[in-house]
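In terms of this note's numbering, the sequence shown opens at residue 43 and continues consecutively.
Quick reminder that beta carbons are idealized off the backbone N, C-alpha and C, glycines included.
Quick caveat: nothing in here was measured; it's all calculated off a predicted structure.
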Amino acid sequence: MLNWFQKQRLKKAGRSGDLNDTYLAYFNRYDEMAELRQPWKPLSMVVLDTETTGLNIEHDRILSIGAVVVENGQIVLGDSFEVLIHNESIRGEDAIKVHGIVPTDSQNMGIEESEAIHDFLTYLRESVVVAHHANFDIGILQQSFKRNIHPQTVLYNTAIDTAHIARKLEHPNKPSSHIDFTQYSL
C-alpha cells in the first residue's frame, strides 16, 4: 500500500506529464481498487514468469514475459500474455540453456522493451501476482519500469511467491536461515 507522500509524488508527476498514460491509468486504477478493497473478495491472479539475460536485477534485462490469468481457481487459457523482447545482449551458453532464447530470435522477433512493459501493465491490472521467486521477477520488472516509464515507478500488486510456499510446506517449523533455498528452483 502506498503511503500518502508516495501517492502525492506520483499524482504530481502525472499532472506535470512526467508519467505516461499507461502507467498513470495503472496507478489510478490500482489506487482506486486499493481504497475499495473489502476484507475478502474473489481474487484474480496473474501467474508470471520472466526470462532474463542473467540474475542481476540491477544490470540484466528481461528477454521475455509470460503470464496467464487464474480466476476463481481456474486457469483462463484465453487470457494469457507472452512477449519476446528485443535484446542484443544475450550472452553465455549456460543462460541460453536455461531460457532457450537465442540472440537471433530476440533480435529478429522481439519487440522493444518499452512497448512490452506498457502492454504488460495493461494486462496485469490489479491482479495478485503469483511467481516462483517473485522478488526476482518483480525486481527486474521494476527496473524496466524505471528505465521505460518513470524512475519512481513501482509495481503495487500483491505478490505470492510459490518458492516461499514450497519451503514453508516442507519445513513449517524451521527458521528461514536454516533452509537451503537452492533446493527450490523450478
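Exercise for review: With a threshold of 16 other CB atoms inside 10 Å of the CB of residue 129, please say whether the residue is buried or exposed.
Suggested key: In this structure residue 129 is buried. Its beta-carbon is surrounded by 16 or more other beta-carbon atoms within 10 angstroms.
Check your understanding: If you draw a straight line from the alpha carbon of residue 209 to that of residue 177, how long is it in whole angstroms?
Key -> Each residue's alpha carbon lies about 15 Å from the other.
Check your understanding: Given a threshold of 16 other Cβ atoms within 10 Å of its Cβ, counted over all protein chains shown, does residue 54 qualify as buried or as exposed?
Key -> Residue 54 is exposed by the Cβ-count criterion.
Practice item. Please classify residue 103: is it buried, with 16 or more other beta-carbons within 10 angstroms of its beta-carbon, or exposed? Key: Only buried fits residue 103, as 16 or more other CB atoms lie within 10 angstroms of its CB.
Point to revise | For residue 60, three-class secondary structure by DSSP | key: Judged by DSSP in its simplified three-state form, residue 60 adopts coil rather than helix or strand.
Exercise for review: Could you say if the region 199–218 and the region 105–125 meet the contact criterion of at least three C-beta pairs nearer than 8 Å?
Suggested key: Contact annotation: the region 199–218 does not touch the region 105–125, with fewer than three C-beta pairs closer than 8 Å.
Practice item. Go ahead and pull the three-state DSSP assignment for residue 161. Key: Here residue 161 sits in helix by DSSP.
Point to revise | Whether residue 88 touches residue 186 by CB criterion (7 Å) | key: Their beta carbons are not under 7 Å apart, which means residue 88 does not touch residue 186 by this criterion.
Practice item. Could you tell me which residues DSSP puts in a beta bridge with residue 90? Key: 109.
Check your understanding: Under 7 Å between the Cβ atoms of residue 107 and residue 118?
Key -> In this structure, residue 118 does not lie closer than 7 Å to residue 107 by Cβ.
Exercise for review: Enumerate in chain order the residues of its own chain whose CB-to-CB distance from residue 14 is below 8 Å, with the five nearest sequence positions on each side excluded.
Suggested key: The requested residue 14 is not part of the displayed model; the chain covers only 43 to 228.
Check your understanding: Is residue 155 near residue 127, with beta carbons less than 7 Å apart?
Key -> In terms of Cβ geometry, residue 155 and residue 127 form a close pair [threshold 7 Å].
**Study point:** Beta carbon of residue 123 nearer than 7 Å to that of residue 65
**Key:** The Cβ atoms of residue 123 and residue 65 do not sit closer than 7 Å to each other.
Practice item. In angstroms with no decimal places, state the Cα-to-Cα distance between residue 109 and residue 63. Key: Here the alpha carbons of residue 63 and residue 109 stand approximately 22 Å from one another.
Review point. Per DSSP, what kind of secondary structure is residue 194 in: helix, strand or coil?
Key: Coil at residue 194, not helix or strand.
Point to revise | Extent of the continuous alpha helix (DSSP H) run through residue 211 | key: Its alpha helix (DSSP H) spans residues 204–212.
**Study point:** Cβ pair residue 190, residue 153 closer than 7 Å
**Key:** The Cβ-Cβ distance between residue 190 and residue 153 does not fall below 7 Å.
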